[in-house]
Amino acid sequence: MQNENNLSGKCVVLGVCSSIAVYKACDIVSNLVKMGANVHVIMTENSCKLISPRILQTLSRNQVQTTMWSPIADWKPEHISLAQMADVFVVAPATANTIGNFANGLANDLLSSTYIATKAKVLIAPAMNSNMITHPAVVRNIEVLKNDGVEFVEAEDGMLACGVEGKGRLASIEKIIEAIVNSLK
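Here's what the structure looks like:
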């Protein structure tokens, strides 16, 4: 009998944005790989200022993509090949900027371009200051994405890195992994 959490043969494309919660992406990648998933990571340029792509490359066992303008190994542009190989497209942590780009159809970086190009199920786990996540513009952008069929792993309440208590903390690794597994059933 196959373990229901076995992700063997499944491709997870994980977008990583520049939230202080970026370090939790390491646990997400590590857990997914242990479950048998083929994980490909796309990091925003600013997320690379918070954590080295080398860490996620080692954990995923795949090259981490950070820009649309890297030399390519073959003729396929990364945003198209990553979009096509994804069984699920996950962004964790997701920032207000990336959520806004997605909601407005902007494709100004590799992560946003891959989102626009994918037909895979999309899961977003936001992480930001409580004033940001409750701002009308961010709330509106999240609603636009939900109406487009994007699923969210809701941010949690708690102490935030900025010292504020409130909603905005990245959902637990367990909840994010559970949402990924459920999306692949």
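So the sequence shown is numbered by my numbering: it starts at 1 and just counts up by one. All C-beta atoms in this analysis are idealised placements derived from N, C-alpha and C, irrespective of residue type, glycine included.
Q) Just checking, does the region 122-139 make contact with the region 78-97 on the three C-beta pairs under 8 Å criterion? A) Verdict: yes, contact present.
Q: Enumerate, from N- to C-terminal direction, the unbroken beta strand (DSSP E) stretches of 3 or more residues contained entirely within the region 14-73.
A: Those beta strand (DSSP E) runs which fall completely within the region 14-73 and span 3+ residues are 38-43.
Q. If you drop the 5 nearest sequence neighbours on each side, which residues of the same chain put their C-beta closer than 7 Å to that of L184?
A. Result list for L184: L7, K10, D87 and V88, in chain order.
Q: Pull up the distance between the alpha-carbon of E165 and that of S81, whole angstroms please.
A: Going by the C-alpha atoms only, they are around 40 Å apart.
Q) Hey, would you say M35 sits closer than 8 Å to N62, going by beta carbons? A) Not in contact: M35 and N62 (Cβ atoms no closer than 8 Å).
Q. Between G100 and I176, what straight-line distance do the alpha-carbon atoms span, to the nearest angstrom?
A. Their Cα atoms are separated by approximately 21 Å.
(Q) Tell me which residues share the same chain as A171 and place their Cβ nearer than 7 Å to its Cβ, disregarding the 5 neighbours each side in the sequence. (A) Excluding sequence neighbours, A171 sits near A125, V153, E154, A155 and E156.
Q | With 16 other Cβ atoms within 10 Å as the buried cut-off, status of Q2 | A | Residue confidence is low: Q2 scores 40 on pLDDT, short of 50, so the model does not pin down where it sits. Its coordinate-derived value is still stated next. With fewer than 16 neighbouring CB atoms inside 10 Å of its own CB, Q2 falls in the exposed class.
Q: Report the rounded CA-to-CA distance for A83 versus C162, giving the unit in angstroms.
A: Their Cα atoms are separated by approximately 34 Å.
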